[in-house]
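FYI, in numbering that gives the first Met the number 0 the residues of the sequence shown are 0 to 427.
Even glycine gets a Cβ: it sits at the ideal position worked out from N, Cα and C.
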Amino acid sequence: MFIDEAIIKVKAGDGGDGIVAWRREFKVERGGPFGGNGGNGGSIIFKVDPGLSTLLDFKYQKHIRAKNGERGGTKVQHGKNAPDLIIRVPQGTTVYDVKTGLIIADLVEVGQDAVIAKGGRGGRGNAAFATSRNVAPDYCELGEPGEEREVKLVLKVLADVGLVGFPSVGKSTIIAAVSAARPKIAPYHFTTLHPNLGVVSVPDGRSFVMADLPGLIEGASQGAGLGFQFLKHIERTRVIVHVVDIAGSEGRDPYEDYVKINNELKSYKMNLLKRPQIIVANKMDLPGAKENLEKFKARLQEDYPVIPISAATRENLNAMLYTIADTLEKAEYVSIYEEDEFFENQYLKLDDDNKPKFTVEQDPDGVYRVTGELIERLFKMTNFNQHESVRRFSKTLRKYGVDQALREKGVKDGDTVRILNYEFEFLD
Ligand SMILES: Nc1nc2c(ncn2[C@@H]2O[C@H](COP(=O)(O)OP(=O)(O)OP(=O)(O)O)[C@@H](O)[C@H]2O)c(=O)[nH]1
Ligand SMILES: [Mg+2]
0 MFIDEAIIKV KAGDGGDGIV AWRREFKVER GGPFGGNGGN GGSIIFKVDP GLSTLLDFKY
60 QKHIRAKNGE RGGTKVQHGK NAPDLIIRVP QGTTVYDVKT GLIIADLVEV GQDAVIAKGG
120 RGGRGNAAFA TSRNVAPDYC ELGEPGEERE VKLVLKVLAD VGLVGFPSVG KSTIIAAVSA
180 ARPKIAPYHF TTLHPNLGVV SVPDGRSFVM ADLPGLIEGA SQGAGLGFQF LKHIERTRVI
240 VHVVDIAGSE GRDPYEDYVK INNELKSYKM NLLKRPQIIV ANKMDLPGAK ENLEKFKARL
300 QEDYPVIPIS AATRENLNAM LYTIADTLEK AEYVSIYEED EFFENQYLKL DDDNKPKFTV
360 EQDPDGVYRV TGELIERLFK MTNFNQHESV RRFSKTLRKY GVDQALREKG VKDGDTVRIL
420 NYEFEFLD
């Protein structure tokens, strides 16, 4: 089954907690700090596997979790790091963060990988905090929580050229004639229900990947027929091969077909008409084809090449392949996303001074709330049962300018301040 969209939840492993422990020595009640660090949680990494061609696996696997890091041990033993979890995806998979709609990764190269949810760092044990000024720290960090998010996977097949046209014009017959792909071919509409890819070898040694796509009809970009959901598979192609039934064997006018399909390509979000196009006039073996070809050329306004062929009798196929290969050589690489559609470009964690970004806002009940990714993480790693950990947390907030920002908002000593679901008393 061909599946090209899926929504799943991912949760990276939490870091293990650091611990507080002490060395025991003869006659010494409390030796040096001996608590080890927690291990790191496993990250969830998506990696391109060229052997995969569908997102079918994600129909059954809706929750993916990586393992947590181990807690630190006594004798300064480091807790074990959890292994990263590698999830294989087909080439051409775009991973969106559902909450923001932004792209986390666009996985197109063979072997390309991306961290989709980062494992939490292990918390430090008290041994790690020992300094010459504080030889016996009695605090430790909690493990950092692993990232958790809902992601949408969209497969947009990776091909150099895409065959587009009305149903039954012969797209699947063409790809079957020039590659090893064996799609179903039949004299009824919408025989092809998902894209088929084929590697095409040109007699002069060049080669390219061709995609045979489901037929389009008028209104496809608005969802008519199989519609819009398949137009996304044209997005990554650099050249469009527009197939027409030049014999008009189903009673339609080939030129009108051509205009209708181009209107759909134009209305699609990326204006696919900007791509180089080659017109393939198929079914030249049928009666009336030659006259129709002349009429078609006379009405054609664009200067696209028109290649007459017959996929059935294999006539003129090489001329078609040379034209496609030549056009591909000149075609530019198309980038299908804008820079600002990517998560990392929108959610830089640090501001210009290299301090974490945060905001101070008033909740409906009047209490001031501090939000910000790094501040919230720091908060989660603080062990509030340890006096010293709390002190360190407040010190860091001061260093990052959170205190200052609160004061500027009018927060005074003794007022309540919120981070996540917790409340504190603000003390200068
Ligand atoms: N006479 C003739 N018939 C052809 C030619 N090419 C394809 N056909 C026939 O046209 C019919 C439709 O061909 P397909 O290749 O399935 O058409 P398609 O464009 O892939 O159709 P959809 O998948 O439904 O969009 C089949 O019966 C083919 O045998 C040709 O060059 N000449
Ligand atoms: Mg087909």
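Could you tell me whether the stretch 239 to 251 touches the stretch 274 to 293, using the rule of 3 or more Cβ pairs below 8 Å? The count of Cβ pairs closer than 8 Å, one atom from the stretch 239 to 251 and one from the stretch 274 to 293, reaches three, so the stretches are in contact.
CB of SER248 to nearest heavy atom of ligand 2: below 6 Å? In the sequence shown, the residue the question calls residue 248 occupies position 249. No, Cβ of SER248 sits at least 6 Å from all heavy atoms of ligand 2.
CB contact flag (ILE43, ALA11, <7 Å): Within the sequence shown, residue 43 is the residue found at index 44, counting from 1. Within the sequence shown, residue 11 is the residue found at index 12, counting from 1. Yes, the pair counts as a contact, with Cβ atoms nearer than the cut-off.
Identity of the residues DSSP links to GLN361 by a beta bridge: Stepping through the sequence shown from its first residue, residue 361 is reached at position 362. GLN361 pairs with TYR367.
Quick one, which of VAL240, ASP244, ASP252, ALA280 has its alpha-carbon nearest LEU264's? Stepping through the sequence shown from its first residue, residue 264 is reached at position 265. If we check each option's Cα against that of LEU264, VAL240 comes out closest.
What do you get for ASN270, buried or exposed, if any count of 16 or more other CB atoms within 10 angstroms of its CB means buried? Here residue 270 is taken as the residue at index 271 of the sequence shown, counted from 1. By the Cβ neighbour-count rule, ASN270 is exposed, with fewer than 16 other Cβ atoms within 10 Å of its own.
So for MET209, helix, strand or coil by DSSP? Residue 209 sits at position 210 when you count from the first residue of the sequence shown. Residue state, collapsed to three classes: strand.
Segment contact, 8 Å Cβ cut-off, at least three pairs: the stretch 115 to 123 with the stretch 59 to 79: Touching, yes.
I need the boundaries of the alpha helix (DSSP H) containing TYR321, first residue and last residue. Start at 1 with the first residue of the sequence shown, and residue 321 comes out as number 322. Counting along the chain, the unbroken alpha helix (DSSP H) around TYR321 starts and ends at 316 to 329.
Taking just the CA atoms, how far does GLN300 sit from TYR254? As a first step, residue 254 is located in the sequence shown; it is residue number 255 there, counting from the start. As a first step, residue 300 is located in the sequence shown; it is residue number 301 there, counting from the start. Here the C-alpha atom of TYR254 lies approximately 11 Å from the C-alpha atom of GLN300.
Best match in THR172, THR358, ALA20 for proximity to ALA310 [C-alpha to C-alpha]: For the purposes of this step, residue 310 is taken as the residue at position 311 of the sequence shown. Looking at THR172, THR358, ALA20, the one whose alpha-carbon comes closest to that of ALA310 is THR172.
Simplified DSSP assignment, three categories, for SER393: Your numbering for residue 393 matches position 394 in the sequence shown. Shown here, SER393 sits in a helix according to DSSP, grouped into three states.
Using 8 Å for Cβ pairs, my map puts ASP159 next to ARG237. What's the rounded Cβ distance? Here residue 159 refers to the residue found at position 160 when the sequence shown is read from its first residue. Here residue 237 refers to the residue found at position 238 when the sequence shown is read from its first residue. Taking 8 Å as the upper bound for CB-CB distance, ASP159 and ARG237 are in contact here, some 6 Å apart.
Does the Cβ of VAL168 lie closer than 6 Å to at least one heavy atom of ligand 1? Against the sequence shown, residue 168 aligns to sequence position 169. At least one heavy atom of ligand 1 lies less than 6 Å from the C-beta of VAL168.
Is the closest heavy atom of ligand 1 to the C-beta of ALA311 under 6 Å? In the sequence shown, the residue the question calls residue 311 occupies position 312. At least one heavy atom of ligand 1 is nearer than 6 Å to the Cβ of ALA311, so yes.
Kindly list the residues whose CB is nearer than 7 Å to the CB of GLU424, restricted to its own chain and excluding five residues on each side of it in sequence; keep chain order. Along the sequence shown, one-based indexing puts residue 424 at 425. Only GLY413, THR415 meet the Cβ criterion.
Pull the bridge partners of ILE7 from the DSSP assignment, please. Looking up residue 7 in the sequence shown gives position 8. Looking at the DSSP assignment, ILE7 forms a beta bridge with VAL150.
Indicate the three-state DSSP secondary structure (helix, strand or coil) for TYR254 in the structure shown. As a working mapping, residue 254 is identified with position 255 in the sequence shown. TYR254: helix per DSSP, three-state reduction.
Are the stretch 45 to 65 and the stretch 79 to 94 touching by the rule of at least three beta carbon pairs closer than 8 Å? Contact between the stretch 45 to 65 and the stretch 79 to 94 is present, because at least three Cβ pairs lie under 8 Å.
Run through DSSP, which three-state label would PHE229 get? Position 230 of the sequence shown holds residue 229. Helix, per DSSP.
For the stretch 312 to 327 and the stretch 224 to 236, state whether three or more C-beta atom pairs, one from each stretch, are separated by less than 8 Å. Because the criterion of three Cβ pairs below 8 Å is not met, the stretch 312 to 327 and the stretch 224 to 236 do not touch.
For my contact list, LEU162 and LYS170 are in at a C-beta cut-off of 8 Å; report their separation, rounded to the angstrom. One-based indexing of the sequence shown puts residue 162 at position 163. One-based indexing of the sequence shown puts residue 170 at position 171. Their Cβ separation, rounded to whole angstroms, is 4 Å, which keeps LEU162 and LYS170 in contact under 8 Å.
Inter-residue spacing [alpha-carbon to alpha-carbon] between ASP252 and LYS294: Counting from one through the sequence shown, the residue named residue 252 turns up at place 253. Counting from one through the sequence shown, the residue named residue 294 turns up at place 295. If I take the Cα positions, the gap works out to 10 Å.
Checking the sheet assignment: what are the DSSP bridge partners for THR92? To locate residue 92, count along the sequence shown from 1; it is residue 93. Paired residues: LEU106, LEU154.
Kindly indicate which three-state DSSP category GLN221 falls into: helix, strand or coil? As a position in the sequence shown, residue 221 is number 222, starting the count at 1. It is helical.
Could you compute how far the alpha carbon of GLY100 sits from the alpha carbon of ARG390? Here residue 100 refers to the residue found at position 101 when the sequence shown is read from its first residue. Here residue 390 refers to the residue found at position 391 when the sequence shown is read from its first residue. For GLY100 and ARG390, the distance between alpha carbons rounds to 38 Å.
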